[in-house]
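Engineer: One structure is given below, represented as structure tokens, and several questions about it will come after.
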Amino acid sequence: MAQEFERTHERPAVPMPPPLDFPEHGQPEAEVLDELAARAAEDPYPVERNFGVSYVGPPHPITERVRPLAAGRFFVEWARDMNPATDRLEKEAVRMLGSLLGCPQAVGFITSGGTESNLLALRLARNLHGQSEPEVVLPETAHYSFRLGAELLGLRLREVPVDAAMQPDMRQVERAITPRTAALVCSAPEGNFGQLDPVAEFADLAERRGLYLHVDAAFGGFALPFLRDLGYPIPAFDFSLPGVTSMMTDGHKLGLLPVATGFFLLRDAALLEAIPAGVTGIHTITATKPGDHAAAAWAVMRHLGRQGYRASTRQLMDVVRIVSEGIERIDGLRLLVPPLLAVVNFTSERGDTERIYLELRRRGWGATYGHAGGAGRIRLSIHPHRDPRRAHQFVAALEESVRTIRPTH
Ligand SMILES: Cc1ncc(COP(=O)(O)O)c(C=O)c1O
């Protein structure tokens, strides 16, 4: 299986079941629900045992209690006066995040997630630039949504290579700038290895060259401020740097919000003039949005506050530490880079990484398998709902998996 961030250059399959008639008659509720329960059981591992894929996990339990209050609610930007309360929840959630990320005046939107938010940034930067053949300069580790955006929006990406610590050479970044450059992009952190790009250096460069800078803080936005509160040395990565034009972060990653809750934030409302919303109707890409997501975002932030998020971040880091130390204790396994936040990458020096991955999977534990520099690697992305008990169980399963495939050791 290819990892989320790999470029295989192979066309991925789109597997479809056999043709299925649209049913003439409805089926009793109980039957439908039973069948659904059976389908859910077909997935190889329950979410609690899935340590792979995009940091996503169950949202904070308060969201279950929010749902009945917001049931059936939705909101559409052009019909704001139909759903003013829900619209306001969205805008207040945006303001709370803006204040967390160094810009209480930030304007923005709830999106369907990181991909949509990154597309919004590319589109805004392209429109502001307004010239033909626009280009975007970014480290090669940036999320694939930028490649998708380039394809959709007619942009050329100038990707700058990174070193073994996943850092781009800033002289190369600067050399990649041309009069066609519409934006610089960097990540806090990038998703593949979870390492922080030199955001302050990007911000300086953007200021010096008068360029738009977008920061992809998909999973950092809801965690780095709290890590800093906990005493970790986190450099500036947000709107506190004057060169940062826009940011995004995903609530459904480390923010304990339901899946499909992203945020796109902009320092200066005046920049929105580059979006022809008088014609397009909306500033975002999706029109009718789930009101319960806005309500959940508002409610979880209000309920947890900084204090609550500090606690969930502390728990996350405990899990990351238990898992990382567990990996390093196992003979022949090696972390590829020291984890900064929620991403752990490791390999086996015995060349049996894929077999370890498959054995973990057979035991009902999810991870993702791929390649780095020609060698196999297992990537974990850890969500704050995982507790230390689960982390110890994962390490035990990993130890057993290694023992199973190397019986002579
Ligand atoms: C750094 C980064 N940016 C963007 C995204 C895209 O987010 P989504 O899957 O919500 O579209 C991800 C997802 O893993 C990510 O890690």
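Per my numbering, the very first residue in the sequence shown carries number 618; after that it's consecutive.
Note that beta-carbon positions come from the ideal geometry of N, C-alpha and C, so glycine has one too.
If you draw a straight line from the C-alpha of ASP867 to the C-alpha of THR878, how long is it?
Structural biologist: Going from the Cα of ASP867 to the Cα of THR878 covers about 6 Å.
Engineer: What is the rounded straight-line gap between the Cα of ILE679 and the Cα of ALA913?
Structural biologist: Using only the alpha carbons, I get a separation of about 8 Å.
Engineer: Quick check: what's the CA-CA separation for GLY908 versus GLY898?
Structural biologist: The straight-line gap from Cα to Cα measures roughly 19 Å.
Engineer: Of all the options PRO785, ARG884, VAL777, which has the alpha carbon lying nearest to the alpha carbon of ARG712?
Structural biologist: Closest by alpha carbon: ARG884.
Engineer: Using only the alpha-carbon positions, how far apart do ALA742 and GLU709 sit?
Structural biologist: If I take the Cα positions, the gap works out to 25 Å.
Engineer: Sort out for me which residues DSSP pairs THR798 with in a bridge.
Structural biologist: Its beta-bridge partners are GLU752.
Engineer: By Cβ distance, which residues of its chain are closer than 6 Å to GLU752, with the 5 residues on each side in sequence left out?
Structural biologist: Result list for GLU752: ARG773, ARG775, ARG797, THR798, in chain order.
Engineer: Compare the C-alpha of MET865 against each of LEU882, ALA782, VAL876, PHE819 and name the closest.
Structural biologist: Considering only alpha carbons, the answer is LEU882.
Engineer: Give the single residue among GLY838, ARG764, GLY808 whose Cα lies nearest to the Cα of LEU736.
Structural biologist: Of GLY838, ARG764, GLY808, the residue nearest in Cα terms is ARG764.
Engineer: In chain order, what residues of the same chain have a beta carbon less than 7 Å from the beta carbon of GLY811, not counting five sequence neighbours either side?
Structural biologist: PRO956, LEU957, LEU958, ALA959, VAL960, listed in sequence order.
Engineer: How many whole angstroms separate the CB atoms of SER941 and GLU976, which I take to be in contact at a CB cut-off of 8 Å?
Structural biologist: Not a contact, Cβ separation roughly 20 Å.
Engineer: Quick check: does the Cβ of ALA781 come within less than 7 Å of any heavy atom belonging to ligand 1?
Structural biologist: It does not: the Cβ of ALA781 is nowhere closer than 7 Å to a heavy atom of ligand 1.
Engineer: Could you pull the start and end residues of the alpha helix (DSSP H) that HIS920 belongs to?
Structural biologist: Note, HIS920: alpha helix (DSSP H), 908-946.
Engineer: For HIS988, name the three-state secondary structure that DSSP assigns.
Structural biologist: Three-state result, HIS988: strand.
Engineer: Consider the C-beta atom of GLY725 and the heavy atoms of ligand 3; say whether any pair is separated by less than 7 Å.
Structural biologist: What this structure holds is ligand 1, not ligand 3.
Engineer: Return yes when the Cβ of PRO1001 is within less than 8 Å of the Cβ of LEU921, no when it is not.
Structural biologist: Going by C-beta atoms, LEU921 is not nearer than 8 Å to PRO1001.
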